[in-house]
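Numbering (this note's numbering), first residue to last: 286 to 470.
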């Protein structure tokens, strides 16, 4: 409702708040399970403005983060930073995927790196270009794209940070101002 009060036309799709082990589900749905101390809480949301959509995700920890939560969160931050530093006009979407994958090479978390690490956003929430290892797409100036590599560990949880960028000739502009630092609430 806040987004509509601030000028959005409507929310674009069912916003996703999930917690605990359900955060390991890429597009999980909320359950009746109460949020507990130590839980990861993943919030994926956006809105619509004049027909155009937004999409962002942040993951927080209820209480104090564990050593493993801090480690996985730090790797997630590094993946997002690597992809965002790489993206500009003319780059390969598959090579952007490789930028995120490199961060997890040599760690125990590589098997839980999801292959879809971002997509275009416009009149639909999922548009080309799609960033994945098999993508043939080329990123172009003017594209609005998400960057959302994630680490999803079954039974433990998942961490995703998702930004939305405007691609320019020389780089990109991040349209999301929310912090990417680990928040403990």
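Beta carbons are placed, not taken as given, at the ideal position from N, Cα and C, and that holds for glycine.
Exercise for review: Mind listing, in chain order, the continuous alpha helix (DSSP H) runs of no fewer than 4 residues lying wholly within the region 336 to 401?
Suggested key: 352 to 371 and 378 to 389
Point to revise | Inter-stretch contact at 8 angstroms, needing at least 3 Cβ pairs: the region 428 to 441 / the region 391 to 404 | key: Pairwise C-beta distances place the region 428 to 441 in contact with the region 391 to 404, as three or more of them are shorter than 8 angstroms.
Point to revise | Exposed unless 16 or more other CB atoms sit within 10 angstroms - verdict on residue 327 | key: buried
Review point. Where residue 289 and residue 322 are concerned, what is the direct C-alpha to C-alpha distance, given to the nearest angstrom?
Key: 31 angstroms
Check your understanding: Hey, residue 410 and residue 372 are a contact pair by Cβ (cut 8 angstroms); roughly how many whole angstroms apart?
Key -> At roughly 19 angstroms, the Cβ-Cβ gap does not stay under 8 angstroms, so residue 410 and residue 372 are not in contact.
**Study point:** Classification of residue 370 by the beta-carbon crowding that lies within 10 angstroms, buried from 16 upward
**Key:** Taking all protein chains shown into account, residue 370 has fewer than 16 neighbouring C-beta atoms within 10 Å of its C-beta and is therefore exposed.
Review point. Roughly how many whole angstroms lie between the Cα atoms of residue 313 and residue 304?
Key: 9 angstroms
Exercise for review: Would you mind reading off the limits of the alpha helix (DSSP H) that contains residue 289?
Suggested key: 287 to 290
Point to revise | Pairwise C-alpha distance: residue 426 and residue 375 | key: 8 angstroms
Practice item. Can you grab the Cα-Cα spacing for the pair residue 351 / residue 444, in whole Å? Key: 13 angstroms
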